[in-house]
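Novice: Numbering (my numbering), first residue to last: -15 to 211.
1) I need the DSSP call for residue 224, collapsed to helix, strand or coil.
2) Apply the 10 Å Cβ neighbour rule to residue 210 and answer buried if 16 or more other Cβ atoms are within range, or exposed otherwise.
3) Do residue 36 and residue 49 have their beta-carbon atoms positioned less than 8 angstroms apart in this structure?
4) Rounded to whole angstroms, what's the CA-CA distance from residue 182 to residue -2? Just pull it up for me.
5) Counting pairs of beta carbons, one from the segment 138 to 148 and one from the segment 22 to 35, are three or more of them closer than 8 angstroms?
6) Would you identify the three-state DSSP class for residue 35, choosing helix, strand or coil?
7) By Cβ distance below 8 angstroms, which residues in the same chain neighbour residue 129 in space, the five residues on each side in sequence not counted?
8) Quick check on residue 49: does DSSP put it in helix, strand or coil?
9) My guess is that residue 185 and residue 198 are in contact by the Cβ rule of under 8 angstroms, so how many angstroms apart are they, rounded?
10) Can you list, in chain order, the stretches of the alpha helix (DSSP H) that have 4 or more residues and sit fully within the segment 110 to 178?
11) Should residue 156 and residue 119 be called a contact, given that it needs their Cβ atoms to be closer than 8 angstroms?
12) Using a threshold of 8 angstroms, state whether the C-beta atoms of residue 85 and residue 5 are closer than that.
13) In angstroms with no decimal places, state the Cα-to-Cα distance between residue 136 and residue 21.
14) Which whole-angstrom value is the C-beta distance of residue 212 and residue 52, which I expect to be below 8 angstroms?
15) In chain order, what residues of the same chain have a beta carbon less than 8 angstroms from the beta carbon of residue 1, not counting five sequence neighbours either side?
16) How should residue 195 be labelled, buried or exposed, when 16 other C-beta atoms within 10 angstroms of its C-beta is the threshold for buried?
17) Could you tell me the distance, in whole angstroms, from the CA atom of residue 191 to the CA atom of residue -9?
18) Less than 8 angstroms separating the beta-carbons of residue 103 and residue 117?
19) For the candidate residues 62, 113, 17, 87, whose alpha-carbon lies nearest to that of residue 163?
20) Compute the Euclidean distance between the alpha carbons of residue 170 and residue 200, then round it to the nearest angstrom.
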């Protein structure tokens, strides 16, 4: 089966996610999360990629990134996952025991309008949605905590947003997404299709060669031949 198309053009905002192989845990203790955040900071420094938001979960992670150049998204996340895998196995002396991640990361472009806020909320309230905390800002391993409570050095990992952060952002993140919003974002995660207004989605899919992600799955129906 051919690999699904994945955009990597610079100048676009992307949501990216990767999950552990076989739904195993990636992060077992606080030190595991801290180690990944150090690697994440190295990846940002190496590539210059703008990290807008992220959330680390026990067996996967979500990120919103804004690469400058073509191919930068793949270089950033490729180095991140490869380096994390190597250091994970080295720390546990488990080299040669199999893949840490289930495969390549999944991603989709996001329009820098109100759709951006929806995806940012989706990312930053992930731990709350999973029932790991009572308030989204209490999850230590994500950008909302870092933005709200981190030191100046910790906050420097996060790049300025492409649009002004909404007033009362923390309250907004803690409010649940609608079923329609949640379904739309999850659909984009699975298909890799652009998330935004209809006009922007069509234009972006054509520009990035993602037209197939907007079409229904399966073979097109054959036209009726008539009586």
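Glycine included, every Cβ here is placed at the ideal spot set by N, Cα and C.
Keep in mind the model is a prediction, meaning the values are calculated, not measured.
Specialist: Inspection of the coordinates gives the following:
1) Since the displayed the chain opens at -15 and closes at 211, residue 224 lies outside it and no answer follows.
2) Model confidence at residue 210 stands at a pLDDT of 41, short of 50, so the residue's coordinates are unreliable; what they give is reported in the following sentence. So residue 210 counts as exposed.
3) Taking 8 angstroms as the Cβ cut-off, residue 49 and residue 36 qualify as a contacting pair.
4) Whole-angstrom Cα-Cα distance: 17 angstroms.
5) Judged by Cβ distances under 8 angstroms, the segment 138 to 148 makes contact with the segment 22 to 35, as three or more pairs qualify.
6) In this structure, residue 35 counts as strand in the three-state DSSP scheme.
7) Short of 8 angstroms from the beta carbon of residue 129, and not among the five residues preceding or following it, lie these beta carbons of its own chain, in chain order: 121, 122, 123.
8) In this structure, residue 49 counts as strand in the three-state DSSP scheme.
9) Right, their Cβ atoms sit about 7 angstroms apart.
10) DSSP runs (the alpha helix (DSSP H)) wholly in the segment 110 to 178: 110 to 113, 127 to 133, 136 to 139, 153 to 158, 163 to 175.
11) Going by C-beta atoms, residue 156 is not nearer than 8 angstroms to residue 119.
12) Using a Cβ distance threshold of 8 angstroms, residue 85 and residue 5 count as a contacting pair.
13) Taken atom to atom, the span from the alpha-carbon of residue 136 to that of residue 21 is near 15 angstroms.
14) The question about residue 212 has no answer, for the chain in this structure spans -15 to 211.
15) Answer for residue 1: 44, 45, 46, 47, 89, 90, 91, 173, listed in chain order.
16) Classification of residue 195: exposed, given that the 10 Å Cβ count is below 16.
17) Cα-Cα distance, rounded: 10 angstroms.
18) Going by C-beta atoms, residue 103 is not nearer than 8 angstroms to residue 117.
19) Taking only the C-alpha atoms, the option nearest residue 163 is 113.
20) Looking at the backbone, the Cα of residue 170 and that of residue 200 are separated by about 15 angstroms.
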